[in-house]
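Positions 0 to 82 (numbering that gives the first Met the number 0) are the ones given, in order, by the sequence shown. Virtual Cβ for every residue (Gly too), placed ideally from N, Cα, C. From a predicted model like this one, the values you see are computed outputs, not experimental measurements.
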Amino acid sequence: MSATKNTPPNPIDACVRDNLEAFFRDLDGQEPHSMHEMLVKLVEKPLFEIVMREAGGNQSKAAQWLGINRNTLRRKLIDHNLA
Numbered sequence: 000m001s002a003t004k005n006t007p008p009n010p011i012d013a014c015v016r017d018n019l020e021a022f023f024r025d026l027d028g029q030e031p032h033s034m035h036e037m038l039v040k041l042v043e044k045p046l047f048e049i050v051m052r053e054a055g056g057n058q059s060k061a062a063q064w065l066g067i068n069r070n071t072l073r074r075k076l077i078d079h080n081l082a
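Below, the structure written as structure tokens:
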């Protein structure tokens with residue numbers, strides 16, 4: 000969801016934006032590589048940790064909340080060493 004004139008930006012959006020700006024400043028002119036993959040990995044792990052905790056460890060419920068297939072969730076939990 001994007002912010003409009005009357006709607007303030009989502010705090011998550013602002014956090015990501017601020018950190019990306021800092022990332023580019025820290026690059027000091029160097030070109031980034033594989034940013035999409037890097038960001039997905041950085042965001043997925045805490046997302047799955049929090050959702051699994053809030054779902055009481057119930058993978059079916061967590062998958063439903065995330066809008067993904069339970070098998071996909073299971074694979075991603077293994078990929079992030081969370082299962």
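Relative to the C-alpha of residue i, which candidate in the options has its C-alpha closest?
i   : options       : result
M16 : L38, N57, H32 : Reading the sequence as shown, one finds Arg at residue 16 and not Met. The shortest Cα separation from R16 among L38, N57, H32 belongs to L38.
M51 : D12, K75, E30 : K75
Who are the Cβ neighbours of residue i in its own chain at under 8 Å, not counting the five residues just before and after it?
i   : result
L72 : F47, Q58, A61, A62, L65
Is it true that the CB of residue j sits closer than 9 Å to the CB of residue i?
i   : j   : result
K44 : L81 : yes
F22 : P31 : yes
Any alpha helix (DSSP H) of 4 or more consecutive residues that is wholly inside the region 44 to 69: 58 to 65
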